[in-house]
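Peer 1: Sharing a structure, written as structure tokens. Questions coming.
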Amino acid sequence: MDKPLTLLAKSILLATLSVTMLSGCVEDNYDYPEDGTNPPVDPGPGPDPDPDDPNTVVLYGDKAGSVFTLKLADSVLSEPSLVPGSGIHTVGAISTQPAAVDGELGDPLAVAVDLSIGSASDASILTDSTESQDLSNTNSNGTLHIEVSDINNLPVSTASNLVTVSTGATATPVDITDAIYAFTAAESTQKIRVPLSCFADVDFTQVDEPFRLTTSTDLNFTLGKVIMSPDSLSPGYDLPCTAIANTVLDDAESLLLLTDETSKPGGIAAAPWTATLTGLQLPKDGSGAGASGWSITDADPVTKVATLTATIPDTHSKAVAGVGITDSKADTPINLRNYIENGILSFDLSVTLPAGSEATTSVTVSMQDNDDFEAIYTLTADQISATPKTVTIPVKEFVKKDENGNALASSLLAITKPFMFKLNNGEKNDQDELGYLLRGAQFTIADLKLVMNPAPVVQ
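Next up, the structure:
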């Protein structure tokens, strides 16, 4: 019986599959609602693959059968080496041993795997078969599901982790580095979903190695179930076939709010994105703080901190009023993978609401990705005050989650709107005007930044 497998590997992970896959792209085209409603509730990633479905192929885990076997390999070995049923195995610098059973991962087998490179240039864990297998029922609409947990000790800078499927001569790699980094120090099992369309040059009628995860730098993690499903099951939750965003890696802190509305964020060395500050149903006012609309002060020359001040106009008639920071180029979103597990969004906030509006007004902060997924966080009463106070929100609050509340790999990997702040009130007056209770409301925002808290541990 198969159990989760713990890998201590080097940080280029390759999962290999002998199949042909296609890639796709998504656009950011979200229209802010004007009637006080929130964006549609995300339906979630859908159910797990059904192992009893005749078109589902279990490569590792319960009900895997005997067609595919688990093996270890590196660039020195001439042939992959079989991992026996006991899970205890050593070959070169690679070794496996029993690990503590984690009920979330492929009961009842748990194996700790050390994929240290040694004298080799890479190390892999894979499943293969003595004969080519016809997996064409798992078509280009399907997904390769990989369960991982206990990821530790990743280097902060550059690394590559690849997953592949192959038919011997043909193997297409898909970079899953972002997913591996995103799940570092995660407390529970995470699921990486790779569209089978990414392996477009692989002949699924003769697959001999349906999964290979290869690494070229040290990495510790636990491998759970590996399954091919004939359908995506989770549209919008699968990884892209190729990286579409630049990663914010350089600094532990990054300012998001600047004086220049179209400049690179301060605090990030060679910032990979360009920010634009816009009003959300709120006009810009150039006459300074306190006037109706929003304006921004000059940044402190030392701290680089800028302050945004806004007053809702007396003519306001929308259920939403606020400000947002967006990527000025839709084709260059930002990748916040290093912030998913431990990061916080931090800013100084003061809010003054008109008398009588407090009970029906909500204050929300949200992020949106290039798949139009908007994660909304509603501030609590103790976070809202007329006196400036620092608000901290775990970045986890903005992460897509599965049915068990676990973060998903696609979260925060392509963010186009890293900060949206809104006052929301859908009450109508006698003239049937929305948002009349927001008129005269004021807020200030300063020192808006992402903080890696704590910063990743590097060993």
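With UniProt numbering, you'll find the sequence shown wraps up at 459, consecutive numbering, no jumps.
Glycine residues also receive a C-beta, built at the ideal position from the N, C-alpha and C atoms.
1) Could you check how far apart the C-beta atoms of GLN281 and VAL320 are, in whole angstroms? I think they sit under 8 Å.
2) Among LYS225, GLY168, ASP371, ILE393, which has the Cα closest to the Cα of LEU239?
3) Keeping to the same chain, check which residues put their C-beta closer than 6 Å to that of ILE384; ignore five residues upstream and five downstream.
4) Closest to SER366 by C-alpha separation, out of LYS401, LEU379, THR360, GLU358, would be which residue?
5) For THR90, count the other beta carbons within 10 Å of its own beta carbon; 16 or more makes it buried, fewer makes it exposed. Which is it?
6) Using beta-carbon positions only, say whether ASN161 and ASP150 come within less than 8 Å of one another.
7) Please tell me whether ASP74 and ALA120 are closer than 8 Å, where the distance is taken between their beta carbons.
8) Can you tell me the Cα-Cα spacing of ASP430 and TYR436, whole angstroms?
9) Would you call the CB atoms of GLN206 and ASP134 closer than 8 Å?
10) Between LEU450 and ASP48, what straight-line distance do the alpha-carbon atoms span, to the nearest angstrom?
11) Specify whether the region 177 to 197 and the region 416 to 433 touch according to this definition: at least 3 beta carbon pairs, one from each stretch, less than 8 Å apart.
12) Rounded to a whole number of angstroms, what is the C-alpha to C-alpha distance between SER166 and THR172?
13) How many Å lie between GLU147 and THR170 at the Cα?
14) When the distance is taken between beta carbons, is LEU72 closer than 8 Å to ILE94?
15) Whole-angstrom Cβ separation of ASN55 and PRO230, contact assumed at under 8 Å?
16) Where does PHE398 fall in DSSP's three states?
17) Just to confirm, is the Cβ distance from ILE340 to LEU223 under 8 Å?
18) Give the DSSP bridge partners of ASP52, in chain order.
19) To the nearest angstrom, report how far apart ILE415 and PHE373 are at their CA atoms.
20) Any idea if residue 523 is buried or exposed, counting beta-carbon neighbours within 10 angstroms, 16 or more meaning buried?
21) Got a sec, what are the start and stop residues for the beta strand (DSSP E) ASP128 sits in?
22) At what residues does the beta strand (DSSP E) containing LEU214 begin and finish?
23) By how many angstroms is the C-alpha of SER346 removed from the C-alpha of THR96?
Peer 2: Concretely, from the data shown:
1) Contact between GLN281 and VAL320 holds: their C-beta atoms lie close to 5 Å from each other, under 8 Å.
2) ASP371
3) VAL351, VAL363
4) Nearest C-alpha to SER366: LEU379.
5) exposed
6) In this structure, ASN161 sits away from ASP150, with a CB-CB distance that is not shorter than 8 Å.
7) yes
8) 10 Å
9) Yes, the Cβ-Cβ distance between GLN206 and ASP134 is below 8 Å.
10) 33 Å
11) no
12) 7 Å
13) 25 Å
14) yes
15) 4 Å
16) helix
17) no
18) None; ASP52 has no bridge partner.
19) 10 Å
20) In this structure the chain extends from 1 to 459, so residue 523 is not present and cannot be described.
21) 123 to 128 is the span of the beta strand (DSSP E), which, as asked, contains ASP128.
22) Going by the sequence as given, residue 214 is Thr instead of Leu. First-last of the beta strand (DSSP E) with THR214: 209 to 215.
23) 42 Å
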